[in-house]
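A short worksheet on the structure shown next.
Protein chains: 2
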Amino acid sequence: MAKQIKIKDIAQMAGVSAGTVDRVLHNRGNVSYSSREAVERVLADVDYRYNIHTSAVSLKKGYRIAITTPAAGKGEYWGSIVEGFRHALEEYSDINIDCRYFFYNQFDVYSCRSAFSGIAEEHPDAVIIGPTFISETVALCSRLDEAGIPYAFVDSAIEDTRPFASYSTDQHACGAIIGRLLCSMTPSDSSIAIFSTRRVGNRRANNSLERMKGFMDYMDSSGRTGHVKEASFSALDPEDNENDVTDFLRANPDVKGIAVMNSRGYIIADILKANGIEDVKIVSFDLTHSNSRCLQDGGIAALLCQRPQLQGFNAVKAAINRLIYKNVHDNPHRLMPIDIIFRENLPYYREIIPD
Amino acid sequence: MAKQIKIKDIAQMAGVSAGTVDRVLHNRGNVSYSSREAVERVLADVDYRYNIHTSAVSLKKGYRIAITTPAAGKGEYWGSIVEGFRHALEEYSDINIDCRYFFYNQFDVYSCRSAFSGIAEEHPDAVIIGPTFISETVALCSRLDEAGIPYAFVDSAIEDTRPFASYSTDQHACGAIIGRLLCSMTPSDSSIAIFSTRRVGNRRANNSLERMKGFMDYMDSSGRTGHVKEASFSALDPEDNENDVTDFLRANPDVKGIAVMNSRGYIIADILKANGIEDVKIVSFDLTHSNSRCLQDGGIAALLCQRPQLQGFNAVKAAINRLIYKNVHDNPHRLMPIDIIFRENLPYYREIIPD
DNA sequence: CTGTTAGCGCATTCAC
DNA sequence: GTGAATGCGCTAACAG
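Encoded structure:
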């Protein structure tokens, strides 16, 4: 175990004072070319890691980070992401970071706009974005770029932006897995239906499209191309759905599997249950409370999850690394594992973040 | 944001000095009953958390922790656990912990004994154990108990011991999932074979038994009880296996699914491949390099994983929490999520620990 | 531009 | 038993 090298050591080696070393380490400016050179030469030789703890201790200034995501309750998808944020902030509560949330209504572009404009006014040190509306997000990001404020994404990364980190999922792979699961759970001469929600939300549609593409590709590759049917339902008017769904299944009795390409699988499951339909397998997304309940009682056969808590946790952690330790990654994009959850492994997916 | 309360504040509130507060916080003794009372009364009111960083900074003494697991290469199961250890030690490298490894040969009880006796001599502050041989482990633990040295388990917890933490998996649930997967992947009138290794290793056998029980329970509950066959192969003599396996399948042509109840699925997959058998689905355990390769090329249909890296990471983290922050959990046992991996989500299970 | 110095909150040590 | 003093490595503010 080599002794940890300290700022003072570097100062001595470079023939300057500790203050100067600190200045070059943090790019604070006010350093002559020759001093900076000298320090950097030493830095290149020894591998110095500064001590997180002493650094945090003496750090006066706190960091301010802004977080914006769709508003959601505890058991919902976005709620889990927020849980991850909170968990990370707790874990790093000794670092003085003050965090402000800007929640918006994911069905209302105006609420999104007003949340986003609030952020710019705050002049935070970093921003974490859970995006829904593409053009609004792109606009926000370009304002942040101008202001030199770094930002990260959770759930999905938006194109034409330059985040310092992003945590998302390969939606194409998700679709393929949904296909694999449903194919294996249904007779090979039966059909599988894709259910998507009718509502707008330009980005979600995007995610959903990728999922559908992955699904179709899988179906093609396994020779069940002709056995796919499409249907849609409304996420907002549960009453309407019931007839839509039952009518559809009556009209298509060969459908034995349903792929719900978003987190609303429980809606379909509840309808099937209410109508005594038991031989149709449902696969859906996200471990929400409602979906969890349906997985328990067999209404849903399997769920795909994208580690929302871990996404939130990692985003905050990345922000801290970025702000305090100036860490910069070459490729900021991280794809989360895709967890497949059946009734049997459900109990063990409660807390994904270590404690 | 309420201002963080400090030791000094508590001291003032309790009418004692900071030194005294520190003494009661750390149970160092040498505190009069009245002082202790006063401090504890204050402590009960305010919720004090001490500052990890300042604490770490002023901590003189380093901690020594000993780790003992079966020796393994990088792509193997135990290798992944060790990766988790290393990762945690790196993450907490600012805390002065010196870690010694005591690897043993999991097939050789003598090597295990000698490793274990080495540990006792070291007088470490904490021990992390990856157990294989039950009675040796129990003996080690009772020696540690006597010496007042806390210990944790990874992979599985051994009965009649009192670890401060353990990270393992519900093997019964694993077995059930294997059952579910194989049932859905094979025709309902076909049979499924359980392959287990012939070698001894008293603990593994235990794990394996639980898995088999879970598997059987699932088969019973889904009405395929009569369609289970058992077979065994050797983990040590690959040559022998080939005939064993092909003979078995020839004798049991109705077998269309194989459950390999340990991480040696790749051995069977390679045999099937070499013999041109393609309609038999294999499900096995652990994301080792070999299994990963077979999952890629379709030789293995699915793998069950138990987050080995996270187990290792969490064990070290728990040890640190225990040593530095004196955290004590009422129930130290944690069951890891059971990940189900197909070819499609394989690429995203490379790094499970956040970075 | 640069060196020096005063804390940061806690653990430890040493007088009392 | 207890309070006060010292130092951990680093940041920030100040004096040159």
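Line order of the protein sequences matches chains A and B.
Start counting the first sequence at 14; every next residue gets the next number (this note's numbering).
Start counting the second sequence at 14; every next residue gets the next number (this note's numbering).
Quick reminder that beta carbons are idealized off the backbone N, C-alpha and C, glycines included.
Nothing here was measured: the structure is a model prediction, and the numbers come from that model.
### Task
Please go through the same chain and pick out, in chain order, the residues whose beta-carbon is closer than 7 angstroms to the beta-carbon of aspartate 107 (chain A), but skip the five residues on each side of it.
Ala69
#### Entry: Continuous alpha helix (DSSP H) stretch holding alanine 315 (chain B): start and end
First-last for alanine 315 (chain B): 315-318, but that is the beta strand (DSSP E), not the alpha helix (DSSP H).
### Task
Could you tell me whether the Cβ of arginine 193 (chain B) comes closer than 8 angstroms to any Cβ of chain A?
yes
#### Entry: Within chain A, partners of leucine 300 (chain B) - CB distance below 9 angstroms
By Cβ distance, chain A contributes nothing, its closest Cβ being about 11 angstroms from leucine 300 (chain B), past 9 angstroms.
### Message
For asparagine 275 (chain A), count the other beta carbons within 10 Å of its own beta carbon; 16 or more makes it buried, fewer makes it exposed. Which is it?
### Response
buried
### Any chain A beta carbon closer than 8 angstroms to proline 10 (chain B)
Summary: the structure shown does not reach residue 10 (chain B), with chain B confined to residues 14 through 368, and so no result is reported for it.
### Task
Note down the Cα distance separating tyrosine 279 (chain A) from aspartate 168 (chain A), rounded to an integer number of angstroms.
21 angstroms
### Message
If we require 4 or more residues per run, which alpha helix (DSSP H) segments fall completely within the segment 19-82 of chain B?
### Response
20-27, 31-38, 46-58, 65-71
### Query
Does the beta carbon of tyrosine 361 (chain A) come closer than 8 angstroms to any beta carbon on chain B?
yes
### Query
Measuring CA to CA, which of B:Tyr46, B:Ala57, B:Tyr63 is closest to aspartate 35 (chain B)?
B:Tyr63
### Query
What residues in the segment 63-83 of chain B bring their beta carbon closer than 7 angstroms to a beta carbon of chain A?
Asn64, Ile65, His66, Thr67, Ala69, Val70
### Message
Please report the distance separating the alpha-carbon of proline 367 (chain B) from that of asparagine 327 (chain A).
### Response
Note that proline 367 (chain B) scores a pLDDT of 49, beneath 50, so its modelled location is shaky and nothing firm can be said.
### Task
Classify tyrosine 231 (chain B) as helix, strand or coil using the three-state DSSP reduction.
helix
### Task
Leaving aside the five residues before and after threonine 199 (chain B) along the sequence, list all residues of the same chain whose C-beta is less than 8 angstroms from its C-beta, in chain order.
Ile205, Lys269, Gly270, Lys294
### Task
Consult DSSP for isoleucine 351 (chain A) and reduce its assignment to one of helix, strand or coil.
coil
### Query
For glycine 86 (chain B), which residues from the same chain have a beta carbon less than 8 angstroms from its beta carbon, with the 5 sequence-adjacent residues on both sides left out?
Gly92
### Query
Count the other CB atoms within 10 Å of the CB of glycine 28 (chain A); is the residue buried (16 or more) or exposed (fewer)?
exposed
### Query
How is the beta strand (DSSP E) around valine 293 (chain B) delimited, first residue to last?
It is not in any beta strand (DSSP E) - valine 293 (chain B) carries neither H nor E in the DSSP assignment.
### Query
Going along chain B, which residues have a C-beta under 7 angstroms from serine 197 (chain A)?
Ser197, Met198
### When B:Gln119, B:Asp121, B:Asp111, B:Tyr164 are compared against alanine 133 (chain B), the one with the closest alpha-carbon
B:Tyr164
### Query
What does DSSP give as the partner residues of cysteine 154 (chain A) in its beta bridges?
According to DSSP, cysteine 154 (chain A) bridges with nothing at all.
### Query
So which residues of chain A does glutamate 135 (chain B) contact, with C-beta pairs closer than 9 angstroms?
Within chain A, no residue comes near glutamate 135 (chain B); the closest Cβ sits about 15 angstroms away, beyond 9 angstroms.
### Task
Give the residues from the segment 177-191 of chain A that approach chain B closer than 7 angstroms (Cβ to any Cβ), ordered along the chain.
Asp183, Ala186, Ala189, Ile190
### Query
If you measure from the beta carbon of isoleucine 333 (chain B) to each beta carbon in chain A, is any gap under 8 angstroms?
no
### Task
Mark serine 45 (chain B) as exposed unless 16 or more other C-beta atoms lie within 10 angstroms of its C-beta, in which case mark it buried.
exposed
### Query
From B:Ser303, B:Gly97, B:Phe298, B:Lys286, pick the residue whose C-alpha is nearest to that of arginine 224 (chain B); which is it?
B:Phe298
### Query
Distance, Cα to Cα, alanine 332 (chain B) vs aspartate 111 (chain A)?
29 angstroms
### Query
Nearest chain B C-beta to phenylalanine 120 (chain A) closer than 8 angstroms, yes or no?
no
### Message
Measuring only the C-alpha atoms, how far is serine 221 (chain A) from arginine 320 (chain A)?
### Response
18 angstroms
### Query
Does the Cβ-Cβ distance between aspartate 283 (chain B) and glycine 312 (chain B) come in under 8 angstroms?
yes
### Exposure label - methionine 14 (chain A); buried when at least 16 CB within 10 Å
Low confidence applies to methionine 14 (chain A): its pLDDT is 46, below 50, so where it sits in the model is not reliable, and the reading given next is rough at best. Exposed, since its Cβ has fewer than 16 Cβ neighbours within 10 Å.
### Message
For the ligand MG, I want to know if glycine 161 (chain A) counts as a neighbour, meaning its beta carbon is within less than 7 angstroms of at least one of the ligand's heavy atoms.
### Response
Judged by which ligands are present, the structure shown has none, so any question about the ligand MG falls away.
### Message
Tell me the residue span of the alpha helix (DSSP H) that contains glycine 270 (chain B).
### Response
No alpha helix (DSSP H) holds glycine 270 (chain B); the beta strand (DSSP E) holding it covers 268-273.
### Query
Can you name the start and end residues of the beta strand (DSSP E) that tyrosine 164 (chain B) belongs to?
164-168
### Query
Taking contact to mean at least 3 C-beta pairs separated by less than 8 angstroms, is the segment 190-197 of chain A in contact with the segment 119-129 of chain A?
no
### Query
Going by alpha carbons, who is nearest to serine 181 (chain B) out of B:Ile290, B:Asp173, B:Arg175, B:Phe166?
B:Phe166
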